[in-house]
Amino acid sequence: MPQSPAQPVIQLEKLVVRYGSFVAVDGLDLELMPGELFGLLGPNGAGKSSTLRVLIGQRPPSSGKVTVFGKDIVTHWAQIKPLFGYVPDRENHFEEFTGRGNLAFFAGLYDVPTQKIDDCLSLVELDEAADLPVRGYSMGMRRKLLLARALLHQPPLLYLDEPTANLDIHSAGVVRRILRTLVANGCTVLLTTHNMDEVEAICDRVAILCRGRLVALDSPLALRRQHCERKVDVTFTSGERRAFDLDQNDQRSDLAQVVQSGQVACLQTREFDFHETFLKLTGTSFQ
Amino acid sequence: MRWHIIRTLFGKEVRRQLANRGGLALAALLVVAALLLSVFGNDGGPSASMIGDVESCYVDYWRDDGWVQHLRANVPPELKRNVTFRDVNHLSDRQLPGGRLVYPRSSGAIQMRMIQGDDGRIRRRICVWQPRVGDMSPYETWFWRESARYFQQQSCRNTPLAPDGRGVGGEGDVRDSELYSNIEHEHARLEAGVDMRASITSGLILFALFFSCVYLMPSLMCEERERGILLAQALSPASPQEILAAKFLFYPPAGMALAAILAGVAKPAVLADPIFWLVLTVAAFGSLGIGLTIASIARSQRTASMTALCYMLVVALLQFICRLGNIPLLPYLALEYHCPRLLHAVLTDSFQFYYIFNVAMAALLSIAWAVAATVLFRKCGWQ
Chain E
1304 MPQSPAQPVI QLEKLVVRYG SFVAVDGLDL ELMPGELFGL LGPNGAGKSS TLRVLIGQRP
1364 PSSGKVTVFG KDIVTHWAQI KPLFGYVPDR ENHFEEFTGR GNLAFFAGLY DVPTQKIDDC
1424 LSLVELDEAA DLPVRGYSMG MRRKLLLARA LLHQPPLLYL DEPTANLDIH SAGVVRRILR
1484 TLVANGCTVL LTTHNMDEVE AICDRVAILC RGRLVALDSP LALRRQHCER KVDVTFTSGE
1544 RRAFDLDQND QRSDLAQVVQ SGQVACLQTR EFDFHETFLK LTGTSFQ
Chain A
48 MRWHIIRTLF GKEVRRQLAN RGGLALAALL VVAALLLSVF GNDGGPSASM IGDVESCYVD
108 YWRDDGWVQH LRANVPPELK RNVTFRDVNH LSDRQLPGGR LVYPRSSGAI QMRMIQGDDG
168 RIRRRICVWQ PRVGDMSPYE TWFWRESARY FQQQSCRNTP LAPDGRGVGG EGDVRDSELY
228 SNIEHEHARL EAGVDMRASI TSGLILFALF FSCVYLMPSL MCEERERGIL LAQALSPASP
288 QEILAAKFLF YPPAGMALAA ILAGVAKPAV LADPIFWLVL TVAAFGSLGI GLTIASIARS
348 QRTASMTALC YMLVVALLQF ICRLGNIPLL PYLALEYHCP RLLHAVLTDS FQFYYIFNVA
408 MAALLSIAWA VAATVLFRKC GWQ
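The listed protein sequences correspond, in order, to chains E and A.
Under the working numbering, residue 1590 is the last one in the first sequence; the count climbs by one each step, no gaps.
Under the working numbering, residue 430 is the last one in the second sequence; the count climbs by one each step, no gaps.
Have a look at this one:
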């Protein structure tokens, strides 16, 4: 590892990204510690992609400072570049090459032994389709190949943009398992996603962005505690549904009456809903 | 520059081209066309218009009088490089094989002959030798305009005429105003003006370079950028310089190899000519600059293909308009003006010293394109 465990792997200080007069990221402060699986959440236009663009060197910060492994991203870009792997949100393979051919090309660039190609292919369960042209791959296979490519040179830092999009349940599970294994081995992972369940299941910490600003930063567990919703969803025998807030006396009494009336078909507690929390924090809606 | 990265990037280009069946088919078609031309094309053949007007005009005279001096002093700048005055009486035996005046390919001549009529009077006969009707029109226009001006000046002087036709003012001073009315004028066709086969071969060679460097390279590069593959390469340890170097190492040599095959099929001996390789290198380097400029500007594969096509059409049209309108200097700014002439000259063994100008201009233009392309690519091309 190029950095001691105490030092943050990524440090954003008052990061501002502007596109003309539009401010995409507005004074973002963030630190990612080694061996952390960090989720970056936010609605469309929140600044997640702009932050990621700065981190992968596609765009210089308009102002503020970004350091990766203690090195300034602008002045030490050449040294930072080989230290991370990147899984983009859309696949970018050579269609005419096989899966193995695609990895062999990048293995050549990173100067890694060919044995590593087979290891990565079997890690993402693509070893059987390795010698087929990528043009015949499904979307899920293409995304898994992207992950294999990003892991070829065993980077200590991994950026993932929607890593489980278009993956079936099994493949998504495989990817999550790989990410947890990587983190357990000391790799730092930063992922952006819209999948709340995924964030809740695998992320160590979560940052929620809205309109370029940080609105929440904590572990999913801490967010659960902070934004706990003691609600009960009731489905009546007539098919009608209603939510009762246990923190309000009148609704608690109403719930007791409803239960006693025998008209309840189903009753479900709702202690924490990441979707609701996200919407509440970002003040927006998916609709 | 790291060798393992260059090697990997170069290998990628090779594998992508081998998988590109359309490109391979077109390359094969070009070779087949060259073979057909070689088998069925007649040596020499009718003149063609691909190379354009005659490259040089010889003004051959038998007496260096005031008329010749006036013409010599009044060659317009745009023709100065192309017009050569020669006193036939002082030509060497090599220049007069068998006692005949022989002109190189792509050239024409205005012969200012002196003939004696039955009445003993000296008359002039102007013979215009040209590969094709109209090829000499810029030179003829100049010749007759300046001749008329000269004789107008002479008529004002009203010099008395000596019995032998010489002016009393001295040797060679002719009362030209009278002579002007006795000028005979004829046109004659030079054999084997512009070699059709060499012209087509030059066109095929240039198309091979265009196809490789101006069409294929920008098209595939923009496809890589459009689909994010170029970004993936840029995020790898490969630097923009290394990505560029691999393309420089692949596309121009690939175009040159195809061009050499085409030239070799048409005329194998040309492969041993260092000037052919010099011209080919300059043309390939220039094509690469043009291609890389297009690749840096165009945002998508479709735009790149369209831009390459538009470039070819615009340059061809400009050349055509400049030729029709006798527009000076502007054609010199196009690589496509110099390279066909040079290739034709090399393929027909008529490379003259004055072609050095075309070589120098082509090299300058190639360097200019390469610099522009490199600056643009570094600025915005790889992202």
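Don't be surprised by glycine CBs; every beta carbon is placed ideally from N, CA and C.
In the three-state reduction of the DSSP assignment, residue 1400/E falls in the coil class, being assigned neither a helical nor a strand state. Looking at the backbone, the Cα of residue 156/A and that of residue 176/A are separated by about 5 Å. Restricting attention to 1374/E, 1549/E and 1361/E, the CA atom closest to the CA of residue 1382/E is found in 1374/E. Contact note: residue 275/A reaches chain E through 1391, 1393 and 1395, using a C-beta cutoff of 7 Å and chain order. Chain A places no beta carbon closer than 7 Å to that of residue 1434/E, leaving this residue out of the contacts. Residue 1465/E does not reach chain A, its nearest Cβ partner there being about 14 Å away, counting only Cβ pairs nearer than 9 Å. Along the segment 1343-1372 of chain E, the beta strand (DSSP E) occurs as fully enclosed runs of 3 or more residues at 1366-1371, listed in sequence order. The closest CA to that of residue 1417/E, considering only 1403/E, 1385/E and 1328/E, is found on 1403/E. Interface annotation, residue 1414/E: in contact with chain A, CB-CB separation under 7 Å. Remark: C-beta atoms of residue 1485/E and residue 1390/E do not approach each other more closely than 7 Å.
Judged by DSSP in its simplified three-state form, residue 234/A adopts strand.
Inside the segment 338-388 of chain A, DSSP marks whole alpha helix (DSSP H) runs of 4 or more residues at positions 348-371, from first to last along the chain. By the CB criterion at 7 Å, residue 1340/E and residue 1481/E fall outside the cutoff. Using a CB distance cut-off of 7 Å, residue 1372/E does not count as an interface residue toward chain A. With contacts defined by Cβ atoms closer than 7 Å, residue 382/A and residue 326/A do not form a contacting pair.
Residues of the same chain with a CB within less than 6 Å of the CB of residue 122/A, apart from the 5 flanking positions on each side, are 130 in chain order.
Residue-level contact check: residue 1408/E touches chain A, since one or more beta carbons of chain A fall below 7 Å from its beta carbon. Interface residue (Cβ-Cβ distance to chain A less than 7 Å): residue 1411/E is classified as such.
Of the candidates 1517/E, 1568/E and 1526/E, the residue whose Cα lies closest to the Cα of residue 1536/E is 1568/E.
Not flagged as an interface residue toward chain E: residue 426/A, since no C-beta distance is shorter than 7 Å. Identification of residues in the segment 1441-1457 of chain E having a C-beta nearer than 8 Å to some C-beta of chain A yields 1452, given in sequence order. The alpha-carbon of residue 1515/E is positioned some 10 Å away from that of residue 1325/E. Counting C-beta atoms within 10 angstroms of its own C-beta, residue 321/A has fewer than 16 neighbours from the protein chains shown and is therefore classed as exposed. For residue 274/A, no beta strand (DSSP E) run applies, since DSSP gives it neither H nor E.
In the structure shown, residue 1524/E falls within a helical segment according to DSSP collapsed to helix, strand and coil. Of all residues in the segment 1346-1370 of chain E, only 1359, 1360 and 1361 come within less than 8 Å of chain A when Cβ atoms are compared, listed by chain position.
Residue pairing by DSSP leaves residue 264/A without any beta bridge partner. In the DSSP assignment, residue 103/A falls outside any alpha helix (DSSP H) and within the unbroken beta strand (DSSP E) covering 103-108. Contact check for residue 288/A and residue 48/A: beta-carbon distance about 7 Å, within the 8 Å limit, so the pair qualifies. Comparing alpha-carbon positions, the option among 276/A, 56/A, 243/A and 250/A lying closest to residue 87/A turns out to be 243/A.
Interface flag for residue 66/A against chain E is set, since a Cβ pair is found closer than 7 Å. Within the segment 281-301 of chain A, those residues whose Cβ lies closer than 7 Å to any Cβ of chain E are, in chain order, 282, 283, 284 and 285. Interface criterion met: the Cβ of residue 52/A is under 7 Å from a Cβ in chain E.
The C-alpha of residue 338/A is placed about 48 Å away from the C-alpha of residue 159/A. Per DSSP, the continuous alpha helix (DSSP H) segment holding residue 54/A begins and ends at 50-65. Taking 8 Å as the upper bound for CB-CB distance, residue 302/A and residue 256/A are in contact here, some 4 Å apart.
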